[in-house]
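Reading through the structure tokens given below for one structure.
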Amino acid sequence: MRRQKKIAVVGGGIFGLTIATVLGREGFRVDLFEKNDDILRAASGVNQFRLHRGYHYPRSIETIQSCIRGERKFRHFYPEVVIDHPHRHYYAIAREKSFLNARQCFAVWSSCGLEYTEENLELLNPEAIEKCVRVKEAVIDPLRLKQSCLDNCRRAGVNIILGREVCCRDLDGYDHIVSATYAGSNALLEDFPESRTAYQFEVVEKLVLKLPERFRNISIVIQDGPFTCIDPYGRSGLSLMGNVDKAIHHQNIGFEPEIPERYRPLLNKGVIARPTVTRVKEFLEDAEVFFPGLSRELEHIGSMFTVRTVLPYREHDDARPTIVKRIGDRLISVFSGKIPHCVEAAEKVLELVRNHG
């Protein structure tokens, strides 16, 4: 009788959990290791929870195409976590400082089959916006996502081990090791220093806000440049505010993130009321350009902090690829792009495991 292969998945974010589920369903013995005390605590739990179809990346056709594929697969894999209604989704092209103008954005979207309808939105300052369109996107319910991941892993026989940070030498008993640690992507490469990749690491802040009633169930992205975005925070009735520039408190390019001491108590701790360090003032000053008067009407519930990891020197296209590759005989490395890409990444990992014999 053929021995059942043992696989260690390192990283309890959406990519690691999805990969573990797919491998478990295929009959492999899977242990998932997460260094935090719960799953989805890092970047998978600190983002806009927008189920991207690619509108946000008009300078990267590759990212748009992977978002379109990924969104379909994510919906099929996690149907219960997707919120379509009653939310409305808008993209507004800034009149100034946008990398692409409205005509260029429309041309890219049309060429990729992304639907949009021009629509005036009274929430916006018309002097700051060239065009506004309504699009077909959705948001992710973070609470249901967590429960769905736990249920999927349980049904697939995945053993989740929390609060344990591991290195490759701790995992000698496994046939395959899958690294899905995002900001820690180089951490398991102690035996493969030549395979380490330099990334751009960003300590980022997300605002959790209570907005006026007219913003309820509305997602608005200002693009294409260093602007703000607002999205519903699941079904909580609250909203998330991000900002391409103002959200970044610290950044470095290298093999691992450099985290200033003052940020360490804030990282991956969920919503923190009255954080000791915040850029809420800068966020709101920028938002005022597009949403006049908003800063006087909202309530800052708190902020979330994490480390975002992107490819360096990609400001020209803001590409967010997902990269799956084998390193050595046992190790598979997964660099995570956007959340919807997680299912396709899991399929690629499964293919690599199967083809290894």
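Just so you know, our numbering puts 891 at position 285 of the sequence shown, and the rest follows in order with no gaps. All C-beta atoms in this analysis are idealised placements derived from N, C-alpha and C, irrespective of residue type, glycine included.
Within 9 Å, strictly: CB atoms of residue i and residue j
i, j, result
"His906", "Leu768", "no"
"Tyr663", "Asp923", "yes"
"Ser754", "Glu686", "yes"
"Glu724", "Cys738", "yes"
"Asp747", "Ile689", "yes"
"Leu749", "Gly633", "no"
"Ala786", "Ala951", "yes"
"Asp674", "Gly660", "Reading off the sequence shown, one finds Ile at residue 674, where the question assumed Asp. Yes. Within cutoff."
"Leu629", "Val886", "no"
"Phe683", "Val772", "no"
"Glu779", "Lys612", "With the sequence shown as reference, residue 779 is identified as Gly, and Glu is not the correct amino acid for it. The answer is yes: Cβ separation under 9 Å."
Residues that DSSP places opposite residue i in a beta bridge
i, result
"Gly848", "Cys835"
"Arg635", "Lys612"
"Cys738", "Ala698"
"Gln857", "Glu808"
"Leu768", "Glu640"
Cα-Cα separation, residue i to residue j
i, j, result
"Asn642", "Val850", "27 Å"
"Glu743", "His658", "7 Å"
"Arg870", "Leu917", "23 Å"
"Gly934", "Phe705", "40 Å"
"Phe807", "Arg709", "33 Å"
"Gln610", "Arg694", "47 Å"
"Arg681", "His856", "34 Å"
"Arg926", "Arg665", "11 Å"
"Ala893", "Asn731", "10 Å"
"Ser825", "Lys703", "21 Å"
"Leu729", "Lys679", "33 Å"
"Ala879", "Ser842", "16 Å"
"Phe889", "Arg775", "44 Å"
"Val940", "Gly899", "43 Å"
"Lys931", "Pro692", "39 Å"
"Trp715", "Glu668", "12 Å"
"Pro863", "Ile766", "26 Å"
Cβ neighbours of residue i in the same chain (closer than 6 Å, five flanking residues each side left out)
i, result
"Cys835", "Val827 and Gly848"
"Asn874", "Arg647, Ala648 and Thr912"
"Tyr805", "Thr915"
"Met607", "Reliability of the predicted coordinates at Met607 is poor, the pLDDT of 45 falling under 50, and no value is obtained from them."
"Leu937", "Ile783"
"Tyr654", "In the sequence on display, residue 654 carries Gln and not Tyr. Excluding positions up to five away in sequence, the list reads Asp837, Leu846 and Gly848."
"Val877", "Val814, Gly908 and Met910"
"Val959", "His782"
"Arg740", "Tyr696, Thr723 and Glu725"
"Ile945", "Ile620"
"Arg802", "Asn792, Leu795 and Phe861"
"Ile670", "Gly660, Tyr663 and Cys718"
"Pro818", "Glu903"
"Ala853", "Val810 and Glu811"
Beta-carbon contacts of residue i that lie in its chain and below 8 Å, excluding the five residues immediately before and after
i, result
"Ala700", "Ala734, Ile735, Glu736, Ile828, Gln829, Asp830, Gly831, Phe833 and Phe896"
"Thr882", "Arg868, Pro871 and Leu872"
"Gly860", "Ala804, Tyr805 and Phe807"
Minimum Cβ-Cβ distance from residue i to chain D less than 9 Å
i, result
"Asn758", "Absence of chain D from the displayed structure is noted, only one protein chain being present."
As assigned by DSSP and simplified to three states, the class of residue i
i, result
"Phe911", "strand"
"Lys944", "coil"
"Tyr663", "coil"
"Ser785", "strand"
"Ser704", "coil"
"Lys869", "A small fix is needed here, since residue 869 is Tyr in this sequence, not Lys. Reduced to three states, the DSSP call for Tyr869 is helix."
"Arg932", "strand"
"Val628", "helix"
"Leu937", "strand"
"Gln654", "coil"
Sequence-distant residues of the same chain with beta carbon closer than 7 Å to residue i, five excluded per side
i, result
"His947", "Ser672, Gly676 and Thr928"
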